[in-house]
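To start, the structure itself, in structure tokens.
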Ligand code: GLU
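Numbering (our numbering), first residue to last: 137 to 455.
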């Protein structure tokens with residue numbers, strides 16, 4: 137594997153996850169962010185869960201790579217956008233609109249877009265943002281929906297395969313994540329029993345597979361799959377997820393890790409910090425803890441909590 141190998145998501149398309157058949161006829165309309173008429177709440181599959189904590193991560197053991205952050209007990213402030221000073225900090229950005237979403241490459245070490253042929257492509261690399269930008273030169277990363285990430289490793293050493301975005305075994309979902317999924321071992325155990333396999337050592341790959349597991353076994357759309365999945369997740373997260381079959385939708389959520397939506401003209405932005413968004417729009421909505429937002433090209437954003445109750449949101453005008 138070359139140092140800067142990309143991981144096009146469609147290469148895994150043949151490896152469908154061995155998930156169980158849908159157990160419910162509570163089918164939701166595809167491509168919809170609407171609340172289902174009837175919803176089932178999932179009980180946690182295990183009580184072997186760690187207590188929730190804030191995103192006060194410890195760096196992983198035995199990391200010698202230059203990207204390894206200095207130990208800290210303080211929550212980090214992701215720096216994105218035009219910030220050049222410290223690209224070792226992690227952050228997430230997302231875009232859905234009409235412009236070329238691959239422009240987000242400049243703020244990330246990993247990028248996923250859905251192209252015009254409706255193929256999800258994931259490019260990620262160990263190293264600095266400039267390395268990724270170099271690697272992406274000449275690649276067809278175009279797409280009007282995309283997510284990008286700079287990672288600060290907590291689980292799994294800094295490497296190409298551990299970089300974000302992570303994608304589900306079916307090749308349908310790609311996800312970026314800031315934070316730590318503390319109960320990832322128990323979720324992973326369940327997924328392994330269900331036939332899922334993993335490529336990385338990260339907690340984040342478990343989360344994207346867990347969402348995929350909910351989506352397929354509950355026969356629901358991405359928005360509800362994320363809500364269902366997160367009811368069983370312990371830890372801190374700011375996430376954004378896209379789905380190959382639904383290039384008009386991005387779903388994001390947060391707990392104990394910052395996340396905001398930028399509202400533009402016919403486009404949405406998503407970031408862990410206002411700095412990459414402010415040059416495009418001054419209208420932002422800060423997500424509350426344990427809220428999930430569905431961004432669709434043709435609709436207002438919809439905010440729900442994990443109990444599937446719709447939440448009001450307040451648009452703030454940045455100075
Ligand atoms: N825990 C995740 C990982 O190690 C996310 C790290 C981050 O916030 O960048 O990949």
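All C-beta atoms in this analysis are idealised placements derived from N, C-alpha and C, irrespective of residue type, glycine included.
Boundaries of the alpha helix (DSSP H) in which residue i is found, first to last residue
{"i": "residue 405", "result": "Looking at the DSSP string, residue 405 is not in any alpha helix (DSSP H); the run it does join, the beta strand (DSSP E), is 404 to 407."}
{"i": "residue 341", "result": "339 to 353"}
{"i": "residue 364", "result": "358 to 366"}
Assigned exposure category for residue i - 16 Cβ within 10 Å defines buried
{"i": "residue 252", "result": "exposed"}
{"i": "residue 445", "result": "exposed"}
{"i": "residue 351", "result": "buried"}
{"i": "residue 276", "result": "exposed"}
{"i": "residue 270", "result": "exposed"}
{"i": "residue 338", "result": "buried"}
{"i": "residue 348", "result": "buried"}
{"i": "residue 345", "result": "buried"}
{"i": "residue 470", "result": "This structure leaves residue 470 out entirely; the chain is present only between 137 and 455."}
{"i": "residue 331", "result": "exposed"}
{"i": "residue 357", "result": "buried"}
{"i": "residue 394", "result": "buried"}
Distance, residue j Cα to residue i Cα
{"i": "residue 309", "j": "residue 315", "result": "19 angstroms"}
{"i": "residue 340", "j": "residue 230", "result": "17 angstroms"}
{"i": "residue 447", "j": "residue 274", "result": "43 angstroms"}
{"i": "residue 255", "j": "residue 249", "result": "8 angstroms"}
{"i": "residue 397", "j": "residue 377", "result": "14 angstroms"}
{"i": "residue 335", "j": "residue 413", "result": "32 angstroms"}
{"i": "residue 427", "j": "residue 354", "result": "20 angstroms"}
{"i": "residue 266", "j": "residue 294", "result": "16 angstroms"}
{"i": "residue 431", "j": "residue 439", "result": "9 angstroms"}
{"i": "residue 272", "j": "residue 303", "result": "19 angstroms"}
{"i": "residue 371", "j": "residue 287", "result": "17 angstroms"}
{"i": "residue 419", "j": "residue 245", "result": "26 angstroms"}
{"i": "residue 441", "j": "residue 435", "result": "18 angstroms"}
{"i": "residue 317", "j": "residue 365", "result": "12 angstroms"}
{"i": "residue 228", "j": "residue 368", "result": "23 angstroms"}
{"i": "residue 260", "j": "residue 311", "result": "12 angstroms"}
Segment limits, beta strand (DSSP E) that includes residue i
{"i": "residue 382", "result": "382 to 391"}
{"i": "residue 427", "result": "427 to 432"}
{"i": "residue 379", "result": "371 to 379"}
{"i": "residue 423", "result": "Careful: residue 423 lies outside any beta strand (DSSP E) and carries neither H nor E."}
{"i": "residue 229", "result": "227 to 232"}
{"i": "residue 439", "result": "438 to 441"}
{"i": "residue 249", "result": "246 to 250"}
Any non-hydrogen atom of the ligand PLP closer than 8 angstroms to residue i Cβ
{"i": "residue 390", "result": "The ligand PLP is not among the ligands present in this structure, which contains only the ligand GLU."}
Just to confirm the assignment: which complete alpha helix (DSSP H) runs, minimum length 4, are found wholly within the segment 254 to 327? 265 to 272
Open item on the list: Does the contact criterion of 3 or more C-beta pairs under 8 angstroms hold for the segment 378 to 394 versus the segment 276 to 286?
Closed with: yes
| request: Inspect the CB distances between the segment 325 to 338 and the segment 403 to 414 and report whether three or more fall short of 8 angstroms. | output: no
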